[in-house]
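Notes follow once the structure below has been shown.
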Amino acid sequence: MADLKIMRNIGIMAHIDAGKTTTTERILYYAGKSHRIGEVDDGEAIMDWMSQEQERGITIQSAATTIYWKGAQINIIDTPGHVDFTAEVERSLRVLDGAIAIFDAVSGVEPQTETVWRQAKHYKTPCIGYVNKMDRLGADFFRTLDDIRQKLDTEPTALQIPIGAEGGFEGVIDLIGMKEIRWNPDTEGEKMFISDIRPERLASANEWREKLIDNLSSVSDTITDKYLGGEAVDAALMKAEIRKAVLKYDFFPVFVGASRRNIGVQPLIDAIVDFLPCPDETASVYGRHVKKNEEILVSRNQCTAPLGLVFKIQNDKEAGSLCYVRMYSGVIKNGDAVFNIGKNKRERANRILRVHSNKFEPLDALAAGDIGVIVGLKLAQTGDTIGSEGFPVILERMQFPEPVISVSIEPTTMSEQDKLKETLEILSKEDPTFTTKENKETGQLIISGMGELHLDVLVTRLINDYKVKAKIGKPHVTYRESVSVVVEKEAHFSRVIAGKENAAVLSLRVEPRPRGAGNRYLNAVRDKTVPAVIFAAVERRINAAFSSGIVLGYPCIDIGVTLIRIGYSELTGTEFAFEAAASHCFDEACREAAPILLEPVMAVDIASPREFVGDAMSLVTQCGGHVLNMESKAAVNEVKCLAPMSKMFGFMTKLRSISQGRATFSMEFSHFEKKIL
2 MADLKIMRNI
12 GIMAHIDAGK
22 TTTTERILYY
32 AGKSHRIGEV
42 DDGEAIMDWM
52 SQEQERGITI
62 QSAATTIYWK
72 GAQINIIDTP
82 GHVDFTAEVE
92 RSLRVLDGAI
102 AIFDAVSGVE
112 PQTETVWRQA
122 KHYKTPCIGY
132 VNKMDRLGAD
142 FFRTLDDIRQ
152 KLDTEPTALQ
162 IPIGAEGGFE
172 GVIDLIGMKE
182 IRWNPDTEGE
192 KMFISDIRPE
202 RLASANEWRE
212 KLIDNLSSVS
222 DTITDKYLGG
232 EAVDAALMKA
242 EIRKAVLKYD
252 FFPVFVGASR
262 RNIGVQPLID
272 AIVDFLPCPD
282 ETASVYGRHV
292 KKNEEILVSR
302 NQCTAPLGLV
312 FKIQNDKEAG
322 SLCYVRMYSG
332 VIKNGDAVFN
342 IGKNKRERAN
352 RILRVHSNKF
362 EPLDALAAGD
372 IGVIVGLKLA
382 QTGDTIGSEG
392 FPVILERMQF
402 PEPVISVSIE
412 PTTMSEQDKL
422 KETLEILSKE
432 DPTFTTKENK
442 ETGQLIISGM
452 GELHLDVLVT
462 RLINDYKVKA
472 KIGKPHVTYR
482 ESVSVVVEKE
492 AHFSRVIAGK
502 ENAAVLSLRV
512 EPRPRGAGNR
522 YLNAVRDKTV
532 PAVIFAAVER
542 RINAAFSSGI
552 VLGYPCIDIG
562 VTLIRIGYSE
572 LTGTEFAFEA
582 AASHCFDEAC
592 REAAPILLEP
602 VMAVDIASPR
612 EFVGDAMSLV
622 TQCGGHVLNM
632 ESKAAVNEVK
642 CLAPMSKMFG
652 FMTKLRSISQ
662 GRATFSMEFS
672 HFEKKIL
């Protein structure tokens, strides 16, 4: 079992096409994990192992691997950059201790970069930055730093500055050691040449080193004292103080390079070890003790009771469910009985594996701080906590965005129906943002996801990988329902079942909540003569009713329901009766509360050459959207808009048509808004 002090769990995150997988491939090569550099453009990237990833040239599933660098074990997760696969980033950041945020030196901070940055902040994940693609036309390291400062509300601090740019980019200046570093292209960048800074670049290097020390002194008293005392700040002290500041989220160090040309990667790996935390240095992890019903601090110790979080499920045709687990305390060994705390079920860890993309190597045990795969947990789902019955603590579950686009799917023959349902269940278990439900009126199966690409990828997997013959309908929007006025309603229920009368009386108040506030149920009745199981039955029924809809059957959002009166009799009051009364009362109250239909509104970001910006903005307006702002960059103009999802189908084809294929766009869910009928 690895020492926690020399372990790092890190993720690589960025907007699509910023170079995450390309950088990861170099890290694997220089660390000796691979014998050749896999290229994304050639479909040979080791971390993009799915056939669709190789064909499309994008990362779809987060891929994990482990490397060893200068005595440290580094578990790496390469995450997708496309907004449709945000859930992959979300669940990766939930279990990682640190992250590398990669920026395109030409495009700067892009829309998905902002999304993943917010996710990292939410999970309090310390980050280091890497400005990639310095060799591209229009690359500007210093403009990218300004972009980071403005859009991410953080103060980036350069630890390196580039030597040249675009075609003249040849290396970096290390501001800590004050040396120039170049990479030998004949050895695929494996050999580095370190030399003194040339006189013509010394003034610029000194200026940026002063900025580094100034930024560091604002978060380090030690550096401040030395700086004010006129003492030299040596490299070892500087690195130690940078590490402390990064762990406290007070400092964002930035590196620079061109991964495709094998420039700048090794110092980035050094930075993982030097500046990102080991598992016991991160923010405290809390869990809820099931029996005591109280929040407790989880000890990051290999000698305590085992506790781990299942953050990903992957189906294997031979082994079944592969459960990706991050261990927070204790040890799970091969063959151990494992307790699924949320489901209150006992299972067995048949095998424990170390992951390297789509290859695995056996382990004897998985200990606190480590990440690995457990085979044999058939009931586990993403977000489940596993451990032991003697320490029943549930870790905070992950929150995933709601699906906003749906299509109908049906088997080509009746004999395929069971296979289709079974495969959809497997895919839903793997991906929490992919849902399946049956339309009760038509009997159709409806699948929902985060976007057209998301559903296209999943349907392609269904047909090609699982060999299911199915027909797919046209995409349609997943709407929501809510209420717009306050209504109070009383319901009576009485029925004789098996000779016993079941009766219930209750009153509910239904009211609209602010958009985005979510649903809420409150019990305002303080009658101690009513058993707790009756109150629980009412709450259970109301929570179930939220997903059933009001008029059109779409899920309800932003509704407040309050139980204001209850009529209970020991002789006739049953859980069944109160569930039925609650369901009927909720339905009637919502129908009288002026129900409204809500449609998803998407945040659309268009990157277009200047000559096509006017046409792109006009296209958005034609789609019922409106432009928020426009920003000029080196090569393109970036337009931010809001548009209804229902009008965005086929938008990419139209955008390509008006821009000669040169404009691109990304889209993510923003909020729900009342649909104008």
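With the numbering used here applied, the sequence shown covers 2 to 678.
Virtual Cβ for every residue (Gly too), placed ideally from N, Cα, C.
When DSSP labels each residue in this structure, what does Thr665 get in the three-state scheme? In the three-state DSSP reduction, Thr665 falls in the strand class (E or B).
DSSP three-state assignment for Ser409, whether helix, strand or coil: Three-state result, Ser409: strand.
Quick check on Val286: does DSSP put it in helix, strand or coil? Coil at Val286, not helix or strand.
From the DSSP secondary-structure annotation, give me the bridge partner or partners of Glu156. None; Glu156 has no bridge partner.
Runs of alpha helix (DSSP H) wholly within the segment 573-650 (minimum 4 residues, chain order): You should have 576-593, 614-623.
Between Lys379, Leu507, Thr158, which has its C-alpha nearest Thr590's C-alpha? Note on residue identity: the sequence assigns Ala, not Thr, to residue 590. Comparing Cα positions, the closest option is Leu507.
Three Cβ pairs or more, each shorter than 8 angstroms: is that satisfied between the segment 181-197 and the segment 213-233? Using a C-beta cut-off of 8 angstroms, the segment 181-197 makes no contact with the segment 213-233, since fewer than three inter-stretch Cβ pairs fall below that distance.
Just the Cα atoms here: how many angstroms apart are Val234 and Phe170? Roughly 29 angstroms separates the two Cα atoms.
Which value, in whole angstroms, describes the spacing of the CA atoms of Asn316 and Arg527? The C-alpha of Asn316 lies about 48 angstroms from the C-alpha of Arg527.
For Asn520, does the three-state DSSP call read helix, strand or coil? It is coil, neither helix nor strand.
Could you pull out every residue in the same chain whose Cβ sits closer than 7 angstroms to the Cβ of Arg516, ignoring the five residues on either side in sequence? These residues qualify, in order along the chain: Asp559, His672, Phe673.
Once you ignore the five residues that flank Gly109 on each side, which residues in its own chain have a CB closer than 7 angstroms to its CB? These residues qualify, in order along the chain: Arg144, Thr145, Asp148, Lys634.
When DSSP labels each residue in this structure, what does Pro163 get in the three-state scheme? Pro163 falls in the strand class under three-state DSSP.
Measuring CB to CB, does Leu310 end up less than 8 angstroms from Leu396? Less than 8 angstroms separates the beta-carbon of Leu310 from that of Leu396.
Give, in chain order, every unbroken run of the alpha helix (DSSP H) that is at least 4 residues long and sits entirely within the segment 421-486. Correct list: 453-461.
Excluding sequence positions up to five away, which residues of its chain have a Cβ less than 6 angstroms from the Cβ of Asp606? Contacts found: Pro112, Lys641, Ser667.
Does DSSP classify Gly384 as helix, strand or coil? Here Gly384 sits in coil by DSSP.
According to the neighbour-count rule (16 or more other Cβ atoms, all chains shown, within 10 Å of its Cβ), is Asn630 buried or exposed? Counting Cβ neighbours within 10 Å, Asn630 comes out exposed, since fewer than 16 surround it.
According to DSSP, simplified to helix, strand and coil, what is His493? The DSSP-derived three-state label of His493 is strand.
Could you please give the first and the last residue of the uninterrupted beta strand (DSSP E) stretch that includes Lys501? Lys501: member of the beta strand (DSSP E) spanning 501-513, first to last residue.
Since Glu208 and Asn263 should fall inside the 8 angstroms C-beta cutoff, what is the C-beta to C-beta distance between them, to a whole number of angstroms? With a contact defined as Cβ atoms closer than 8 angstroms, Glu208 and Asn263 miss out at about 28 angstroms.
Out of Ala583, Arg566, Gly336, which one is the CA nearest neighbour of Phe547? Closest option to Phe547, Cα to Cα, is Ala583.
Would you report the Cα separation of Ala106 and Asn465, rounded to the nearest angstrom? Answer to the nearest angstrom: the Cα atoms are 37 angstroms apart.
Beta-carbon proximity check, Leu428 vs Leu456, cutoff 8 angstroms: In this structure, Leu428 keeps its C-beta atom at 8 angstroms or more from the C-beta atom of Leu456.
I'd like the span of the alpha helix (DSSP H) that includes Thr116, first residue to last. Start and end: 112-123.
Cβ shell of Glu412 (< 7 angstroms), same chain only, five flanking positions each side left out: Checking the displayed sequence, the identity of residue 412 turns out to be Pro instead of Glu. Excluding the 5 residues flanking it on each side, Pro412 has same chain C-beta neighbours closer than 7 angstroms at Gln418, Leu421, Lys470, Ala471, in chain order.
Ser449 versus Leu425 - alpha carbon distance: Their backbone Cα atoms lie some 11 angstroms apart in a straight line.
Quick check on DSSP: helix, strand or coil for Ile214? The three-state secondary structure of Ile214, taken from DSSP, is helix.
Give the range of the alpha helix (DSSP H) segment to which Ala100 is assigned. From DSSP, Ala100 is part of no alpha helix (DSSP H) but of the beta strand (DSSP E) over 99-105.
Could you have a look at Ala74 and say whether DSSP puts it in helix, strand or coil? One point to set straight first is that residue 74 is Gln, not Ala, in the sequence displayed. The answer is strand: DSSP assigns Gln74 an E or B state.
For the alpha helix (DSSP H) that Arg539 lies in, which residues bound it at each end? Reading off the sequence, residue 539 comes out as Val, not Arg. Counting along the chain, the unbroken alpha helix (DSSP H) around Val539 starts and ends at 533-546.
Pairing CB atoms from the segment 275-290 with CB atoms from the segment 8-16, are three or more of them under 8 angstroms? A contact between stretches requires three or more CB pairs, one per stretch, nearer than 8 angstroms, and the segment 275-290 meets this requirement with the segment 8-16.
Inspect the CB distances between the segment 380-387 and the segment 341-356 and report whether three or more fall short of 8 angstroms. Result yes; three or more Cβ-Cβ pairs closer than 8 angstroms.
What's the gap between the Cα of Val117 and the Cα of Arg150? Taking the straight line joining both Cα atoms gives about 16 angstroms.
Can you give me the start and stop residues for the alpha helix (DSSP H) that Arg262 sits inside? Note, Arg262: premise wrong, no alpha helix (DSSP H); not H, not E.
Excluding sequence positions up to five away, which residues of its chain have a Cβ less than 6 angstroms from the Cβ of Gly99? Here the set comprises Ile11, Pro127, Leu277, Pro278.
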